[in-house]
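Under my numbering, the first residue of the sequence shown carries the number 553, and numbering increases by one thereafter.
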Amino acid sequence: MTDQEKQIQEYVEKGLSGDMASVNSIEDRILRGKVKAAIVKAKRLGGKKESSQLKKTDARSSTDDIITKLVDEGLTGNMENINALDDRVLRAKVKSALIKAKKQTVKKSDKTNLNSPNLDLNKDNPNVKFAELIQQKFPDAIQCEINEEYIGIKPDYWLNVARWLKSDPAASFDSLQCVTGTDIGESKLDSRYNLHSMKLGHLIEIRIEVPIENPKIPSIEQIWRSGDWFERETYDMYGIKYEGHRDLRRMLLPEDWEGYPLRKDYQEQETYHGIIVKKIKEEVWD
Numbered sequence: 553m554t555d556q557e558k559q560i561q562e563y564v565e566k567g568l569s570g571d572m573a574s575v576n577s578i579e580d581r582i583l584r585g586k587v588k589a590a591i592v593k594a595k596r597l598g599g600k601k602e603s604s605q606l607k608k609t610d611a612r613s614s615t616d617d618i619i620t621k622l623v624d625e626g627l628t629g630n631m632e633n634i635n636a637l638d639d640r641v642l643r644a645k646v647k648s649a650l651i652k653a654k655k656q657t658v659k660k661s662d663k664t665n666l667n668s669p670n671l672d673l674n675k676d677n678p679n680v681k682f683a684e685l686i687q688q689k690f691p692d693a694i695q696c697e698i699n700e701e702y703i704g705i706k707p708d709y710w711l712n713v714a715r716w717l718k719s720d721p722a723a724s725f726d727s728l729q730c731v732t733g734t735d736i737g738e739s740k741l742d743s744r745y746n747l748h749s750m751k752l753g754h755l756i757e758i759r760i761e762v763p764i765e766n767p768k769i770p771s772i773e774q775i776w777r778s779g780d781w782f783e784r785e786t787y788d789m790y791g792i793k794y795e796g797h798r799d800l801r802r803m804l805l806p807e808d809w810e811g812y813p814l815r816k817d818y819q820e821q822e823t824y825h826g827i828i829v830k831k832i833k834e835e836v837w838d
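Take a look at the structure:
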């Protein structure tokens with residue numbers, strides 16, 4: 553850096569700090585002009601940087617607001633707006649946030665039960681009501697303790713239970729709103745189904761737990777036709793094989809892609825048919 557450049561830099565720093573008297577006192581008219589031009593440029597660059605940061609902040613805030621709104625809808629059983637999202641990445645983030653919110657709800661419920669061991673289950677809760685009905689009709693079908701958050705069903709009984717849930721007049725679950733998967737850890741996956749009766753207005757969630765080394769569950773896409781793509785997407789992301797599905801193949805990734813991206817142990821392949829797979833930096837969700 554030349555002596556003149558150093559001198560210009562010193563005066564620019566003074567000008568940016570608000571000391572324009574020093575800049576205006578420069579006797580060399582050419583030098584004074586260069587200093588003022590550099591100050592204007594520095595201010596413009598600073599403004600652009602600040603504007604860019606504000607835009608990024610606004611965009612992130614807007615996305616967070618959308619996710620929060622859709623998660624709130626999902627917690628009430630309304631999955632339509634979530635499943636209608638065209639942005640696959642945003643849809644995955646919303647579903648991930650929804651799963652986390654449901655887990656937190658279950659944990660809070662567990663704490664309540666521990667603090668109040670004599671607290672009875674709400675018999676009017678649809679998950680409790682239909683779990684008890686399923687237990688009566690299919691005595692060995694229930695996979696876990698009856699609770700207010702979901703109904704656990706053993707895989708071998710799922711097809712018969714599903715047919716009953718749709719056809720029985722007391723149930724009339726005519727709408728399958730969502731099928732998704734979860735890597736619940738300890739080498740286990742589960743498949744989750746949100747069912748809604750448009751006729752009677754009640755909602756339930758079914759969960760089916762399977763071992764990660766052999767994740768097989770009977771397909772229900774011929775009972776609820778909306779299950780077709782739901783099951784394919786879950787198979788694509790988690791590798792759960794829905795037996796009896798008439799066209800079970802990947803829908804987001806190529807058929808010969810290695811691994812299932814939403815499993816906890818997923819390792820992205822380095823190349824695909826000689827093409828380097830670009831690494832995508834993802835946001836960390838607390």
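A virtual CB, placed ideally from N, CA and C, is assigned to each residue, including glycine.
All values reported here derive from a predicted model rather than from experimental measurement.
Asked, Found
"Where Glu785 falls, given that 16 or more other Cβ within 10 Å makes a residue buried", "buried"
"Where Thr664 falls, given that 16 or more other Cβ within 10 Å makes a residue buried", "Low per-residue confidence applies at Thr664: pLDDT is 46, beneath 50, and the placement is therefore not dependable, though the value from the model is reported in the following sentence. Label assigned to Thr664: exposed."
"For Glu738 and Lys748, the rounded distance between their alpha carbons", "One point to set straight first is that residue 748 is His, not Lys, in the sequence displayed. Computed Cα separation, rounded: 30 Å."
"Segment contact flag, the segment 750 to 766 with the segment 691 to 705, C-beta cutoff 8 Å, min 3 pairs", "yes"
"Straight-line gap, Ile651 to Leu752 (C-alpha atoms, nearest Å)", "26 Å"
"8 Å Cβ cutoff met for Gly779 and Leu814", "no"
"Cross-strand partners of Pro770 (DSSP beta bridge)", "Glu795"
"Integer Cβ distance of Tyr790 from Leu741, believed to fall under 8 Å", "6 Å"
"Short Cβ contact (8 Å threshold) for Tyr745 with Val731", "yes"
"DSSP three-state assignment for Pro707, whether helix, strand or coil", "helix"
"The segment 823 to 830 touching the segment 792 to 801, judged by at least three CB pairs closer than 8 Å", "no"
"Under 8 Å between C-beta atoms of Lys718 and Asp726", "yes"
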